[in-house]
Structure formats: structure tokens, C-alpha cells
Amino acid sequence: MSVNQQAHTGLPYGQPQPGYQGYQQSGYGGQQMPAVHHSQYGAYNGPMPGYQQPAPPPGYFPSLGFPSKGSPVCLNSDTPILAPNFIGALRAPPPSGAPPPTSGAPVPAGQPVYSQFGQGDVQNGIGASAVQMQRPSASQPFIPGTAPTPVSQPATFQQYGPPPTSAQQLTNHMAGMQIGTSSSAPPPAGLGYGSSTSVPSASGSFTATGSGHYTPYSSSQGPPPVNVSHGLPPTSLSPNLSLGQPAFSGPPMSAQHPPQASGFVSPPCSTGIGPSSYPSTTGAPRPSTMQGSPLPGHALTGLPTSQPNHVSSPPPHPAMSGPPPGPPVLGLQGPPPPTHPSPSGYQMQQNGSFGQVRGPQPNYGGSYPGTPNYGSQPAPPPPPKRLDPDSIPSPIQVIEDDRNNRGSEPFITGVRGQVPPLVTTNFLVKDQGNASPRYIRCTSYNIPCTSDMAKQSQVPLAAVIKPLATLPTDETPPYLVDHGEPGPIRCNRCKAYMCPFMQFIEGGRRFQCCFCSCVTEVPPHYFQHLDHTGRRVDFYDRPELSLGSYEFLATASYCKNNKFPNPPAFIFMIDVSYNAVKSGLVRLICEELKSLLDYLPREGSIEESAIRVGFVTYNKVLHFYNVKSSLAQPQMMVVSDVADMFVPLLDGFLVNVNESRTVIVSLLDQIPEMFADTRETETVFAPVIQAGMEALKAAECAGKLFIFHTSLPIAEAPGKLKNRDDRKLINTDKEKTLFQPQTSFYSNLAKDCVAQGCCVDLFLFPNQYLDVATLGVVPYQTGGSIYKYAYFQLETDQERFLNDLRRDVQKEVGFDAVMRVRTSTGIRATDFFGAFYMSNTTDVELAGLDCDKTITVEFKHDDKLSEDSGALLQCALLYTSCAGQRRLRIHNLSLNCCTQLADLYRNCETDTLINYLAKFAYRGVLNNPVKTVRDTLINQCAQILACYRKNCASPSSAGQLILPECMKLLPVYLNCVLKSDVLQPGADVTTDDRAYIRQLVSSMDVAETNVFFYPRLLPLSKVDIDSDTLPAAIRNSEERLSKGDLYLLENGLNIFVWVGVNVQQSLIQNLFGVSSFSSISSTLSTLPVLENSFSKRVRSIIDMFQSQRSRYMKLIIVKQEDKLEMLFKHFLVEDKSMSGGASYVDFLCHMHKEIRQLLS
Amino acid sequence: MATYLEFIQQNEERDGVRFSWNVWPSSRLEATRMVVPLACLLTPLKERLDLPPVQYEPVLCSRPTCKAVLNPLCQVDYRAKLWACNFCFQRNQFPPAYAGISEVNQPAELMPQFSTIEYIVQRGSPTPLIFLYVVDTCLEEEDLQALKESLQMSLSLLPPDALVGLITFGRMVQVHELSCEGISKSYVFRGTKDLTAKQIQDMLGLTRQDLCKHRNNHLFLAVCNSCRFLQPVHKIDMNLTDLLGELQRDPWPVTQGKRPLRSTGVALSIAVGLLEGTFPNTGARVMLFTGGPPTQGPGMVVGDELKTPIRSWHDIEKDNARFMKKATKHYEVLANRTAANGHCIDIYACALDQTGLLEMKCCANLTGGHMVMGDSFNTSLFKQTFQRVFSKDFNGQFRMAFGATLEVKTSRELKISGAIGPCVSLNAKGPCVSESELGIGGTCQWKICSLDPSSTLAIYFEVVNQHNAPIPQGGRGAVQFVSQYQHSSTQRRIRVTTIARNWADAQSQLQHIEAAFDQEAAAVLMARLGVYRAESEEGPDVLRWLDRQLIRLCQKFGQYNKDDPNSFRLSDSFSLYPQFMFHLRRSPFLQVFNNSPDESSYYRHHFARQDLTQSLIMIQPILYSYSFSGPPEPVLLDSSSILADRILLMDTFFQIVIYLGETIAQWQKAGYQDMPEYENFRHLLQAPLDDAQEILQTRFPMPRYINTEHGSSQARFLLSKVNPSQTHNNLYAWGQESGSPILTDDVSLQVFMDHLKKLAVSSAS
């Protein structure tokens, strides 16, 4: 794995070359070795059965082996396994190896090499073989020809892995899958835009090969698939694409990737894994395919060529296959040309992975995760149908490519249906009529015209909307438009707001609604003449005519009771029970509030915040405080009647900070003193919310409650809870009850809160179970946030809490909001995900909505759309600003419509899709057993991919896994979702954690889900101290970690600094200020401030990360082989997880199998 | 022997007791024929300058059912050191301490002049007095300010170790914590929800531990500390003064057309609950200051819509007062709880409109609390009345006592029918309890939660001796009143009064009995019965009953020829009685016309607790005349007394009216009093003012002081009281030279008497 990543990030070219070489070598080796392979296979088979389960990866490896099958593969594989990690080293060898590939000779050489290289070699070898193999496989005809191919496949299976059959199959599938993806990548490149079709084909081929043959291979083939997974897209693609791909693929790979990233993203490529068949038939050929897999080659120019190649290649392959040389040649070719190198690099990686895979297989348990992937990559190559290997299903690569290709130019929103850059890419947005992707992102920017198509594809049509998103400082915030007394101009029928898509007709006297086509008179005060293009001459003067996002000033009729709202209020409600006082929390909060109150959000240029504040403390009774400015001392009012909550005072509870400052300060000084000796341990909760809500009601304003709470509310009061935590329920049908609130009381309360515009932010400091699922209901439904600090300790958690609190208090927020999404006739918003309340089916009601809250909206067809007019979305958010101004924020987005599924697949965005799927699944656990939810997810994704395979990819072996370019990361990411704590909890994950995460994810935006599910892992030793650029991330696998390095991992909630045991002492000294590894304290919550450039740089990186996330992340120092490492490993999401989550490779196999089942 | 008048007066001064009959008819049958029951007015704490309390425990009769206290009427055998109980005739040994007893060395309780004696006993630990202010904040700014000042002032009047607490209420009820520094702290309750005592104590954090401490260790100080709401004055008077100073009007907005929401019911309930949980059976006053009717929650008297007026007698008669019954019930429950705990509730209601005294009256009535009604807290009426609550006697002690129980013991010929006054029954059955009840009966013990030196109970007896068991000549009946109470100095004291009266055979010695009739006492006792009945019966029924009693009395004791009204005569000892009855019939105690339900309750409250003199004034106001023709003189309460050249001073107990005759008023307007040559006129004008001041100084509650003149609207206070001997109906018959006609259809005393005579002599009845 790591090898691949490194290759990618690292630049590949150099490395790739080695890779190539390696591949070739391996391939060669493989070819030569076949016999060996077999033997190995046999061995594999044995393991296979075992594999299947954990084993998918193992399976893969085998696949890797396949390529090599022929011979060395196996051997190679074994060694390779390790190799992957060594990549560097391996590569080095590969270089040497490279030559070999070029010359068929490598094979023999390869073997030795292998041994030398260990895994690396193997990989290479495998890769090569795989490529060859693939090619044949890719072209089914070939397969048969060369090897038993299709038919033979089963046979092969039997042969190879009869025992492992099923398992093997799986693995094979997996491999295929991967390959498919890789293939997908290529298409982008190759397909470029035009050749999307080719891509599919490519993919198709892969899958075919992969699936059919693989199974048999699996044992042996297993490896290929593995390869596929990693480099899948590219590799597989390449194979798929061109029969002759090998050559192409090789080189293209590297080249392709970049290109893909840039332009191709859309074109989905599929990579098929044919290798399986290869292996079975002839080990040698397969290897060659493997090389083909190098899809990388595809990417670039490869496409066309590759495709043709594919076509033609198949035949060759057979021949080729027979003689590994074919592939090798390709491989060789690859290496030589600079472009090749890169691809080769991939391949290398893939190969490497294969190698690893193999290694793993043998080694099995251990190394799997990473390796399998590698293996898969190689696999793709085998199915070397036509293709341009472009993409590799490495998230890191995809991200890097997108960053490189799209980060430099501004994203101009003028064009309909444009797919924006990835969320991980820094880019500038220029609003020219469509809302910035910072506000809205869609799963697809090309919507099927009919519901049949949509159903067929199973691609969810969803938009992730973040209406109050914060823009970077160099982008202009939405303009505020005041249409005066009559209010905003709207369509008479559907009430859509004036937007750039409204069509003015009859000389500007009327306009036709772009949503419902109703014609509406232009009010006289708004009339303007049209120019010769039919555009109003004031087009550029009016934001609502020229921009995608803008705001209207609302009139009284948009307000409750037709009265303009009062400025909102913040009420701080502090738990002062024993735990809170003893931990120092109360004092901390009070101290912080003193200064924090100066930073209440305020509108634009206004000097003083209009927000009023109030204070409440509570344990099992509530204490309200009168802090009226005229008082010399604050007054405390205790309400013990919690059964029937009310607000004991009117005047003086909510005050202007500046006017009452002395009283407030005095109060905050006294609160910790007053409760210093408290012995009250019981708390109430619902009455606290009720009190806040009643207070707002009495003051006739909206607002936000900040509740600082420590324990399960067991005191006698409404909303009293009991401890119902029961881990025995996990994995039973009753598991869902853990996510459901204990009582409906809180839902009703939430409803009341929403009606009052009372948003609740909850800060939890539990020392034990406190039922987040229930306590969170109100915050969740009122658009609030929950922050949880388990086992809060002043020293370690103070900074995180304070930063969260500061951010939470200061961030931009709207109150008493209603959001409505209008769409063109033909589709309709049908489902909504996020933190809000809905009393009907169309209006999203939010007591509060801050700049981090995201709402995911799903659309369904209720009619046909037309390609001409496209589809429009208008999201209108009516809210009260922090100054009490009632406003409407409008976001418009135009999408394309398509009649070809391929267009849909070419314009998807996987990150957004994952965002939707995660939210969908996380909501599903409320009502369904977790297993059902997981199965549903897998099934849907399988259907999506199967549909692609069936309808968009060019025909190819069923054994090939072909993934659309845009979705080539879907399996990785989906696997991460499936493995997440909510859907598959580990032993150390508490019920509260799961509930917390569940709610948290529900309002995350795309960037957050992206990093949450696939954490960012940076090698710190590669940090360039002198520049601002970050080192390339590496893939989340333990394989990639070096004992001699430091790593930084962040997922939006936590930041880990992982310290390898062999890290240079100077680094430790520089970063931690201690002299040795063993003296590093793992309880640090911040890095010490040291005056050296390394420390500064690392801290600045951490600071930068912190500033990018809506929550302050907890910093955890993890020393290798320390007990905390278990926690850390949990985030290495490509690996098999402790809780039983599949590794990437395994999962890919599984997906492949699913898809094949769907296809058959 | 002196005259009966002297005897009566002497007895009253010594014992605080006035009997309707001072010679008792010796048989049950005869007693019932006397019409006016054998009864007495007892003023348990009558101030006795000459009565030094003794510092030991009383000696009790050893018979468990008797336990009478050794008294001067007991037969003592000095040799044997025995004494015979004069109630049950049990012979008792003197306790060892009395070893030295002899004819010449008698303990005080055996001396005849100590028929009333007070013991100071050392039982339990002294408990501080407790004053819990319950303050309405739904007041006008001025009123609130005045009230705050009064309250602050009162702090200086309290004994330093007294515990004080503060509850304020409006829409919400706040119980203020007084012990805290820096930040003022209060517990707030919703005004619409009734809470049980337990809930209140839980919510106030008065945990069981605290109570246990209190009960087990009798460590009141510990309790004081644990009870943050009641603190010694000396510790927190600065705090409390500030707190009161910062007291704001109820902040909740009152929209036009609405009454402020006032949670009096809950506030009282919390006050009662608080004391119940902390200091049961300890002298405590809950002092409720309210400026309007309760408008929400339990005990609400009227809704908050101003367009719905508060109930009137008319509504009540029509059964149209929808909140009355529920509210009354609420306050009755509270009052009974309070009484059971030995606490009392004062009500200070100052508002122009009614404040719900009708519903709340039982709180004061049953617990012996004060009830004060005024127009505003910013009047001297309230301020001085309130100040007078804390007045001190000649010993520098507060004129208040708490938690008293009154036990009455009678000799065998008598039984106790009941009592009327600010008390509740303790349901103590005994051999001397009669089966026929008058007032609060069925018991020989009552609890009087708060007493002052003028608190007076009417106690009714029944003669049970049968006609065929004559009492030997010279036999005497005896009654012993034993009051145990907590003195304001926090001592426990026992005051014992033992009286005896002669028996007489009504057939043979009717003249003795007649001569010993105390018509003043009888009038008041009958009036109390009448008022007591009026609380539960229709007004006309009560009047009819009173009339019938009066007629029967006249029939019994009048001298007349049958069917000859002109021959009707009453002896001196009965001569005033009909007149009292005439005025009583017209009094606000029985007549509700022209009075609001609150006023009626207020008047009746005071009537049921004042001593005889004050009660008589209430029944028949006193009228003094000031003129150049002579020194001030009392004149008939008659319209004929209203002359142009007189200044009249009328004292109705509740009002002091100074009325300038027409001429005098003109002179005054002309300013003669300012001219040196008319200094005598100035003196004349000044005289009634001075006299009025004198009355005002001593009266509790402060009367309404009305200075008016002929023809002014305020003159109605006078005109409504005087006997309407001249009305528009008979104006010409009486000529114009004297008096002032009253525009009324009420009958005059003359007409009343004529009818009475007619009926009394009528053989038909």
C-alpha cells in the first residue's frame, strides 16, 4: 500500500520506474515461475479457505500470485508482501528489475530478484505477470484462447483454488474490483472526456476477467485482484482498455493519474480484472496482464491506443499470455518512457502490493490489509483490455491529482452542471450564477432525465447544503438585496425567489419561472428593459440576477406574527453539581465567559453585539440570575419546582453585556464560590432546556442555549433518565434502541424549542454513561451542536473545550430558520438529513443554524426532466441574523440532465455520495438492525457499480471489476463508513460515543465526512520546514508507517502524533523536548512550544488543521507499541479493523462478488 | 357587698372575665328559660400590672380526668398537707416543696386575691419568636415604597434574637435566603401550583436531616443555621434592610384591562409549609401584606380580567362567585394546618378594592392573627397599626403571646358548650364537655395560636344540674381557665383563673339572678353568637333569631300587663339591652348591605376577638358632643344629637368621625379660629381632635380617622350609625329646631321599642 502511495505522492516518476522494472521483473518472474506459483497456489489454496474470511486480502495476494502464478509470482508474492512497504527499496530493486521486465529475461532474474527484493520483487513480478494476464483476461476471447479463460476460469478456479473456491472467488472479485477501479481511472485519462465509453468497456473487461477467472485465481489469482484494489483503477483500466495495454498501461498509469485528476475526474473508468483467468490458464500471461494493469499507462495517451490495444490485444495476449514477454514488453516500454515510469510506478506499487499480497497470503493474517490492495492493482493489469490506466483507487492519489489539477484555477460557477474540485482541494470560487460548492455539493451534477434511469443506476441524487457556510476571505459573502416594502420578487405559483435563471419576457414586463414555468408580472418598481440578448440591462447590478448566492431582506410578513424579531439571546446554563465543581469545570467556564462575552457574534460593522445574555446554573434545581445593570449585586433565584418549569424573572435575566458588565463579572466570580462546597450529585436536564426556552419565549426572541452538563439526569424531574446502557444489545435486533431516545419527552420538547427558535448547544463532560442518544435529541432537532469531553480533565481537555466554546459562541449563526428547497418540475426534494426539525414534508425548520451545519437533501423524480433545460435547485433559507434582522438567503444551482447513464457516472462526486450514504445509514440504525443497514449500503453500492458495469463499461469478462472513474474511491470510502464506530463498534467504543458520532456525522459537510471516514495521515519527517506546503499524505495503513518516522493523523475529531520506535533522537528532542523515545509522555495534550524550526512547523501544521475544522481536535501522542496505539490503529482504515471491519482489499473482493452476483 | 356593677367591674379587672349572669340559675330547665345563656367573656392575657408571675409549676389535681390547678377555692388541710380539688373533690397531697405550708404561710395560689395567677414554667428550650413576612409586590410604586419602609422599620422593633424570613410574591413566589453574602438568593415558585408541605420542604432543601437534628437534639441553633430562610434579626438586619430596599415591583407586564397576577394562595401555602417544616409548635407569625386580590393559582378570588369585578354579596347570594368556595377551602386548609402547628397568620390588606379577605379570613380567625384593612400601605392607618403590632407592655415585653392552649374546667353542675373567638378546637373530650354546642364546641380545650392582652373569647356553658337535684343554699359553681402559652419573652407560661359564682333557684330567687345580669356582657355574648351564626346562615334568619331571643328575654324579665304595651317596664339591669340589640341589628356585623364581603369579614373578625368594651363600642358607637354650652359630653347616638352648633366625635371602633355641625363648619370656613379674639373657638375645634388622638393612640387596629362636617359626603359615616329618629318620613312631626333628618327607611329605636313592647306583652307568642 504504502508503496503505492508513496509512488503517487512521491513523484512518481522516478519511483514508478523502479516499479515498472519491478513489475516487469515480477511479471517475468511470474511467467517463468509459473510452476512455482502453482505450488504456491496449492499452498494458497490451503490458506484460501481460511482466507476468505479475514482473508480477502490473502485472497488477493494469491491473485497477485496469479500473475506470477506462472511461477515466481507466488514466490514473489511472498516476498513482495514485505516489499510493498519497502517500496522504496523495492523500487530500487525494481529498477534493476525493470530492465528485466523489458527483457523477458527478467523472469529468471526476477526470481532471484524477488528473493532479493523480497516483497517488492514479488510485486513487480506479479505486476508484470498480472498485466499480461489481464490483457488476456480483459479480452475474454483471449482468455479462452490463452488460457481456459472464461470457461476455463471456473476450471481454473477449481484447479487453483478448488478448495478456496468461494473464498478465492471473493478474493478474485476483489481483485477484479480493484482492477476495475483502476481501469476507471484510466478511462478518465484515456477516455478523457470523449472516451468515456471506452472506459466503460475497459472496466467491463476487467470485471469479466476478474470475476470469472479470478475465483479460480483467487487462490492464485487472488493477488491480482489485490493489486487491482490499490492501483485498481489505473492498473485494471489499463488492462481493460487495451489489450496491448501492458505497454500503455504501464506508462499511462502515472501519467494518466494526473490527467485524470485534472480533467477526467468525471469520466468513470472501469477496470476489469482479468488476471484471474490468466493465472489459471497460464500464470505467465497473467503476470503480463498485471503489468498491463499498470493501467497507469492507460491514462495518458493510452486511452485510445489502449482501447484498440485491448481489442486487438486480446488476441495478442493469448499469445502474449503464453509468453509473458508480451506483457513484460509492455512493462518494459513503460519504464523506458518517462511517462511510463510513472505508470509503472503505480504498477510497481500495485505489483508491490501484489507482492505484498502474496506475502500476506502466506503470512496471511498479518500484513494483509495493505498488501491485498497492491495485489489487486496488479490484478487489473491482467485484464488488460483496452484502456488508459489512469486512476488508481488510492484516495491519496485522487486527492493529490485533483489538488494539482484543479487547485490552481478559480472555479467559475457560470457553467451548468460543472463538477467542482474535491473538497480536499483548495480552490477559489467565482460566483457567476450558481452557488459555490461551499454552499451546495451534489452527488451528481448530471441528473438522469427519468426516474427509470435513476432507479436503474441507484445513484442517489442528493445535495449537501451548507447554507451559512463561511467563505474564505478572498471570496465575497452574499450580497444583501433589499426589495423594499413589497418584499422579494417571487414566482406567483411556486413562490421561487428571483434568480439568474428566471426568464424575462415581453420586453421585461413579465418573467417566466425557471422552476414551474409560470409567468409572473414584473412589479413596476422592479421593471427594467431587456437588452438584445433578452437580458435585463441591470443584470450586473442586481445580485439576484447574476449570482448564485445572495440574500434578501425579509419584510414583516416573513416574521412571526408579522412582527420584526427582537435580537436573539444567548443563555449559558451551567451544571454546578459535585462533579462539575470538583473537576474545576465550573470555574473554568465562568472565567472563560468573562472574556468570551466580548466576542459575541455581531453583524458586519456594528460595534456592539445585539445579542443579550443570561445565566443559569443548575444541579437538581435551577438557579437563575438577575444581572440587571442597576443592581449592585446579582440576584440568584432558585427554582426547585422542576416538574413544572418556569422562568422566575423577566427583567434582568437577559441583559446587554456592556450595560451589565460589572454585575455579570461579579456573578461569574461568585458562581464557583457559591457552589464550591456543594454535595449535590444529581442533575436534571429537561427542565433546564425548558427554562431556557421559556426565558426566550418570555423575552419574545430566538436564541441559543449553551448547556454544560456532566451526568445522566436522574433527579426526579420530567425527562428523568435511567441508565440503560447495555452492550449485550450490540449486534442484536434491539441494538437500534441504543440510538433511540429513552422517552419521547425530549422530542416534544424539541418541537417546542423549534417553535420558539430556541437552539440548544450541549457540552457534555461525562464520567460515565449519560445517554447521549436521549440528551442529544433536543440539540439535534434544534440545529444545535453537541460537544463531548469524556473524563474531562482540566489540564488535558481545557484547551480543547475552551476552543470549542469560543468557536461555538463566536461563529456565525442564524436563528428561527426555515429552509426550503425548490426544484425544477420533474424532481422533488423528498428526504432530508441533518440536525433540524420538520413539521411537514417540505420545510426544514431550524431553531438555529450555524455556519458549520449541513443539511443533506435527497431528490427523487416525480416526472421527466429535459436535457435542454437541465435541473435547477433553489435553496431558500429564511432566518434571523445575529443582529435580529430577518433575511432570506438564496442559493441557486443548475445541473445538467442526461439520457445516458454514462453521463451520470461521469459527473458524480464520491465524497458527496459518501456523505449522503453515511447519513442515510446513520439514520437507518435508528430503525433497523445495524447489519441490515450495512447490507443495504453494500447492496446499493453494488447496484450502482453493477449498473455502471452493465450499461457503461465496455463488455469484458465478468471476472473484472470495473469501476467508474468518479466512483473509483467508492469502495474504499464505503468500507470506511461500514467500519465506522456506529456501524461496527469496537470493544472500546461506548454507546454514548456511537450516539455522539451518529449525530455528529448527520450534520457534517462533505469535507468533514471525507476526513472523518478517511483520515489524513502525514509523515512528519517529510515536512518541508521552509515552505508552507504539506508533505503528501499517505494511505491509512499500518504498512505505510515507518518505525523511524513521525506521523500526524487527523480525522476532524482527533489529531494523533504517532512516534515510531526508531525515530531519530534529534527529532524527538526537537518536537517533544525530551531526550528519548521512552521519555515522551503520552498524556500530552499539546506539543511543547520549542524554539526550533521543526517544532514550529509541526505546531503550525496542527494549528492549521485545527483552524480548518469546526471543532478543536484532541491531540493524542501515540508511541509505537504503546497501548494507545490500538486507538490509533483504529484510524488506519485501509487495514482490517479490530472490530472485524474488512480491510480495503477484502472489501473490494466482497464488492466485486456482490456486483458479479448482480450481473449474473 | 358592693353593687353588682362594682362586683362585675372588679372581677373583670382581676380575672378578665365577664359573665352574662353573675348568679347562676341552679337547674338546667331554669337556665334555658333565662334566654341569654350562661356564658362569659374571657380575656386570657388581660394585662395585670399587679400580677407578678410565680416561678414554679402549678400544682395539679391528681385525678387524671381533672388535673385542675390548686386555687384559692380549694379546701386545704394544712395539717395533713392535703388539699381537696374543688371540681372533682379529689383529695391531693401537696408536693414536697409545699412542706412548709400553713395558714400563715400560704403559697400565692391559695390567696383569694390570686384567683388569677401566672406561672412561669421551664419546659423545653426557649424558642425564638419567628416573623415571616409575606409581601405582595404587585403594588403601586408608592405603596410598595411605603410598605418597604414599614418593613424595614419593623426590623428595629423586633427582639434581636427573633428569626425573620421574607417571602415576596406576585406572579411568582420568592422565598428569600437571608444568610448569603454577596449575592442575594431566593427560591422561586410558580404561583399557579399548589404544593404539599413535603414538596415545599424538598424544594427549599429543608432536608430530613435537618428536621431530625431539630427533633433529636433540640438544637434550635443548628436548625437556624440549616434553615437559610429564617435568620436572627441581629445577624441579618443589614442584609434584610438592603434586600427590602432593592425589592422591585413585580416585573411581569400587566396589560391594560388586566389585574396583576398575584399568587397569594401559593405564597401563604409556602410560608405555612416552610414554618411547618422547620419550626412546628413554635411561636411564629406569618405576616401577609397584600395589595389586592389573589388572581391566580389556588386561592384565587377573582380572575385577572378587570371587566369581571370581584364578587359582591349580591353575587354570593346568587351563588355567582365562582372562585369563592374553592378559595375559601384552600385558605381553610392552610389555616387549620397553621393552627395545628401553633403558628398564626396576620393579614394586612391595603387596597381600594376588595382583596379577598372573605376567603382568607379564616387564616386570621382560626390562628389568632391580625387582620388589617386599609386603602393603601401609604396611610398612617396601616403604618401605625403595623407599628402597634410590635408595641410593648410596661415590662418592655411584646404584647403578643403564641401557641396558647386554653383549658376550661367546670364544677359538676356546669358543662361547656363551646367558645367563640380566635381559636380552634383541640377536640379534648372530657367530663365537662356539653353535648349541645354553641360556637366551637365539643371540647374543653382550644388552641389560640396568637394572643394579645385584648384577645377575648366568649365561652358558653350549660347548666346541667337537674331541677330535682337542688343545690344547697350557698353552693357555688366554679370555673377554672388554664391558659398555657409562649410568652413573647419565649418563656412558657401558664395563667390560671378560677372563679366561682353563687347558685340561685330561679323560681324563688329570680330577683337575685335578674340583678346579677350583666347586660353588656350579655349583649356582646349574644352578638357573638349572632355573628357566629351569620357566618353560616342567611342574614334574615339570624336577625329573626336575635329578635326572638330579645322578645323572650323581655317576656321573661319585663314587667308588664298582658297585651298592654304601655305597661311594659324593664329593670335597670336590663334597660340597655334592647338598645344594644337594636344597634346590633343595624351593625355591619349582621347587615351586609352597603358593605363588601371583605368589609363584613373584617368587621366580624374584630368583633369576635375584642374585649367587652371594644365590642360594645362596635355594637353601639359612642358619640360625644362638643359645644360652647358646656364641657364635652356623651350624647345619644341619635339623629337628634346632630345639631348645627355642635362638634360631634363618634367612635365606632373602626372609625373615628369628627363632625362639625353646620354652624361650626361655617365659622371654621370663615376662619374665626385664627382670630385671637375667638380663641375659644379654636379650643373648641381642637378638643375633639385631641380626644380623637387619644383614642387613636390606643386602638388596635388604627381606626379610620374621618374629619368631616355637615353636608359633606363623609358625614355618611355618622349618619349611618345614629338612630334615625328623624327621617324624611317624620321630619315635620319632629319640627326643625333640632337634629338632622336621616334619609332612610330604617326603623328608629322608638319604633323598634314600640314593636318590642307590643310583642313582649302579646299573649299570642
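Just so you know, the protein sequences line up as chains A and B, in that order. Number 262 in my numbering belongs to position 230 of the first sequence; there are no gaps in the numbering. Number 427 in my numbering belongs to position 374 of the second sequence; there are no gaps in the numbering. Where is the CB? At the ideal position from N, CA and C, for every residue including glycine.
Proximal chain A residues relative to Tyr731 of chain B, where beta-carbon distance stays under 9 Å
Ordered by position in chain A, no residue passes the 9 Å Cβ test against Tyr731 of chain B, which lies about 56 Å from the chain.
Measure the C-alpha to C-alpha separation of Glu1040 of chain A and Gln301 of chain B and round it to an integer number of angstroms.
If I take the Cα positions, the gap works out to 52 Å.
Report yes or no: do three or more beta-carbon pairs, one from the segment 599–607 of chain A and one from the segment 730–741 of chain A, lie closer than 8 Å?
The segment 599–607 of chain A is in contact with the segment 730–741 of chain A.
Under 7 Å, CB to CB, which of the residues in the segment 232–254 of chain B have a partner in chain A?
Result list: Gly235, Ile236, Ser237, Lys238, Ser239, Tyr240, Val241, Phe242, Arg243 and Lys246.
Quick check on Ala1065 of chain A: does DSSP put it in helix, strand or coil?
DSSP, reduced to helix, strand and coil, places Ala1065 of chain A outside both helices and strands of the structure shown, so it counts as coil.
Cβ of Met256 of chain B within 7 Å of any chain D Cβ:
This model lacks chain D altogether, as its protein chains are A and B.
Is the CB-CB distance between Leu820 of chain B and Ser654 of chain B below 7 Å?
Outside the displayed range of chain B (54 to 818) lies residue 820 of chain B, so it cannot be described from this structure.
Mind checking the segment 423–441 of chain B against chain A and listing, in chain order, the residues whose C-beta falls within less than 7 Å of any C-beta there?
For the segment 423–441 of chain B, which is checked against every Cβ of chain A, not one residue is closer than 7 Å.
Coil, strand or helix - Tyr131 of chain B by DSSP:
Of the three classes helix, strand and coil, the one that applies to Tyr131 of chain B here is coil, per DSSP.
For Asp399 of chain B, list the residues DSSP reports as bridge partners.
According to DSSP, Asp399 of chain B bridges with B:Met340.
Tell me whether the beta-carbon of Leu31 of chain B lies closer than 7 Å to the beta-carbon of Asn782 of chain B.
Outside the displayed range of chain B (54 to 818) lies residue 31 of chain B, so it cannot be described from this structure.
Let me make sure I understand the geometry here. Which of B:Thr543, B:His287, B:Ser536 and B:Pro525 has the alpha-carbon closest to that of Thr550 of chain B?
Selected option, being the one with the closest Cα: B:Ser536.
Report whether the distance from the Cβ of Ser433 of chain B to the nearest heavy atom of the ligand ADP is below 6 Å.
The model on display carries no ligand, and the ligand ADP is accordingly not part of it.
Leaving aside the five residues before and after Gly616 of chain A along the sequence, list all residues of the same chain whose C-beta is less than 6 Å from its C-beta, in chain order.
The residues are Leu826.
Against chain B, with Cβ distances strictly below 7 Å, would Met605 of chain A count as a contact?
No, no contact with chain B.
Among B:Pro333, B:Arg243, B:Val516 and B:Gln175, which residue has its Cα nearest to the Cα of Gln349 of chain B?
The shortest C-alpha separation from Gln349 of chain B is found at B:Arg243.
Can you tell me whether DSSP reads Thr458 of chain B as helix, strand or coil?
Note: Thr458 of chain B maps to strand in three-state DSSP.
Any chance the segment 699–710 of chain B sits against the segment 458–471 of chain B, with 3 or more Cβ pairs inside 8 Å?
By the criterion of at least three beta-carbon pairs nearer than 8 Å, the segment 699–710 of chain B is not in contact with the segment 458–471 of chain B.
Going by Cα to Cα distance, which pick from B:Asp616, B:Ser464 and B:Glu230 is closest to Cys127 of chain B?
When only C-alpha atoms are compared, the closest one is B:Ser464.
Would you call Leu58 of chain B buried or exposed, if buried means 16 or more other Cβ atoms sit within 10 Å of its Cβ?
The C-beta of Leu58 of chain B has fewer than 16 other C-beta atoms within 10 Å across all chains shown, which makes the residue exposed.
What residues of chain B sit near Met851 of chain A, judged by a beta carbon separation below 7 Å?
By Cβ distance, chain B contributes nothing, its closest Cβ being about 34 Å from Met851 of chain A, past 7 Å.
Mind checking whether Ala974 of chain A and Ile1187 of chain A have CB atoms under 7 Å apart?
Here Ala974 of chain A is near Ile1187 of chain A, since their CB atoms are less than 7 Å apart.
Work out the CA separation of Gly764 of chain B and Val710 of chain B for me, nearest whole Å.
The straight-line gap from Cα to Cα measures roughly 14 Å.
May I have a chain-ordered list of the beta strand (DSSP E) segments no shorter than 3 residues that lie completely inside the segment 1079–1151 of chain A?
Runs of the beta strand (DSSP E) inside the segment 1079–1151 of chain A: 1086–1091 and 1146–1151.
Please go through the segment 464–512 of chain A and give each complete alpha helix (DSSP H) segment of 4 or more residues, from N-terminal end onward.
Listed in chain order, they are 483–489.
Kindly indicate if chain A contains any beta-carbon less than 7 Å away from that of Pro304 of chain B.
At least one C-beta of chain A is nearer than 7 Å to the C-beta of Pro304 of chain B.
Drop a sphere of 10 angstroms on the beta-carbon of Asp727 of chain B, count the other beta-carbons inside from all chains shown, and report buried for 16 or more, exposed for fewer.
Under this definition Asp727 of chain B is an exposed residue.
Element boundaries [beta strand (DSSP E), containing Ile994 of chain A]
Ile994 of chain A -> no beta strand (DSSP E), and no H or E assigned at all.
Smallest Cα separation from Arg71 of chain B: which of B:Val442, B:Ser503 and B:Val532?
The shortest C-alpha separation from Arg71 of chain B is found at B:Val532.
Between B:Glu762, B:Phe376, B:Tyr401 and B:Phe282, which has its C-alpha nearest His658 of chain B's C-alpha?
Comparing Cα-Cα distances from His658 of chain B to each of B:Glu762, B:Phe376, B:Tyr401 and B:Phe282, the minimum goes to B:Tyr401.
Straight-line CA distance for Leu182 of chain B to Glu171 of chain B?
Rounded to the nearest whole angstrom, the CA to CA distance from Leu182 of chain B to Glu171 of chain B is 21 Å.
Leaving out the 5 sequence neighbours to the left and right, which residues in its chain are closer than 7 Å to Asn145 of chain B when beta-carbon positions are compared?
The beta carbon of Asn145 of chain B lies closer than 7 Å to those of Cys114, Ser115, Leu135, Trp136 and Cys138 in the same chain, with the five residues before and after it left out.
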